[in-house]
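To get this note's numbering, take the position in the sequence shown, counting from 1, and add 18. Below is one structure; the comments refer to it alone.
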Amino acid sequence: MAAIEAAIVLPVIAIAYIGLVNLSQMVMINRKVTQLTSSLSDLTARLQTIPTAEITNIFKASETVLLPYDASKVKMIIASIVIDANRIGKVCWSSSYPEGTAAPKRGDTVTVPESARIANTSVIMARASYEFTPLIGEGLFSKITLGDNPIYTRPRNGKADGDNSIEQIVRADVKGCPKFT
Numbered sequence: 019m020a021a022i023e024a025a026i027v028l029p030v031i032a033i034a035y036i037g038l039v040n041l042s043q044m045v046m047i048n049r050k051v052t053q054l055t056s057s058l059s060d061l062t063a064r065l066q067t068i069p070t071a072e073i074t075n076i077f078k079a080s081e082t083v084l085l086p087y088d089a090s091k092v093k094m095i096i097a098s099i100v101i102d103a104n105r106i107g108k109v110c111w112s113s114s115y116p117e118g119t120a121a122p123k124r125g126d127t128v129t130v131p132e133s134a135r136i137a138n139t140s141v142i143m144a145r146a147s148y149e150f151t152p153l154i155g156e157g158l159f160s161k162i163t164l165g166d167n168p169i170y171t172r173p174r175n176g177k178a179d180g181d182n183s184i185e186q187i188v189r190a191d192v193k194g195c196p197k198f199t
């Protein structure tokens, strides 16, 4: 009788254990992806002019937040968004990592939260996502994308640039905005 009960309960316990291990990993990685996104935004917002080599350094430095998890599964985007007089956000410049990660293009209109949409200002938007593969039961569960929530930060030491002298973080190889051509 006990063997029958064990045969019924053991698979349920094993599935619960696998689920608990995967869930705890997801929660920890999701937390680290949020911290990584915040680091991307914060490190970029501290600069006035940013050379392209420095952008790579910011991506690499932020990537270390994920340790001990696999950083090769993360995709990151940094974008400078200028909000015009009509409170419409447009991308001035963007960078992504690793190469091939889709990022908004210069002049693309983007949705900025109401709290950050102040006319004639700019914000740094950072976004990171992580493709989570379960540690246990890889064949049983599908991959899940964690994160992918933008974080917006005002420039701390921006440079007045572009046609309207809007304070912004200027990328060294791109003209200041709001001139998007």
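No residue lacks a Cβ here, since even glycine has one placed at the ideal position from N, Cα and C.
Can you give the Cα-Cα distance for residue i and residue j, rounded to whole angstroms?
i: Val39; j: Thr82; result: 23 Å
i: Ile101; j: Arg124; result: 13 Å
i: Gly118; j: Ala24; result: 51 Å
i: Asp166; j: Ile68; result: 24 Å
i: Gly194; j: Ser140; result: 11 Å
i: Ala97; j: Ala32; result: 44 Å
i: Tyr148; j: Lys50; result: 10 Å
i: Phe77; j: Gln53; result: 13 Å
i: Ala190; j: Ala63; result: 15 Å
i: Pro131; j: Gly176; result: 20 Å
i: Ser133; j: Pro86; result: 34 Å
Just grab the DSSP bridge partners of residue i for me.
i: Arg49; result: Note: Arg49 sits in no beta bridge, so no partner.
i: Gln186; result: Lys177
i: Glu73; result: Reading the sequence as shown, one finds Ile at residue 73 and not Glu. In the DSSP output, where bridge partners are listed per residue, Ile73 has none listed.
i: Met143; result: Ala97, Tyr170
i: Val92; result: Tyr148
Which whole-angstrom value is the C-beta distance of residue i and residue j, which I expect to be below 8 Å?
i: Val128; j: Gly107; result: 5 Å
i: Ala103; j: Asn138; result: 6 Å
Tell me whether residue i is buried or exposed, calling it buried when 16 or more other Cβ atoms sit within 10 Å of its Cβ.
i: Leu164; result: buried
i: Ile22; result: exposed
So, with DSSP's three-state summary, where would you put residue i?
i: Thr119; result: coil
i: Lys161; result: coil
i: Thr67; result: strand
i: Val130; result: coil
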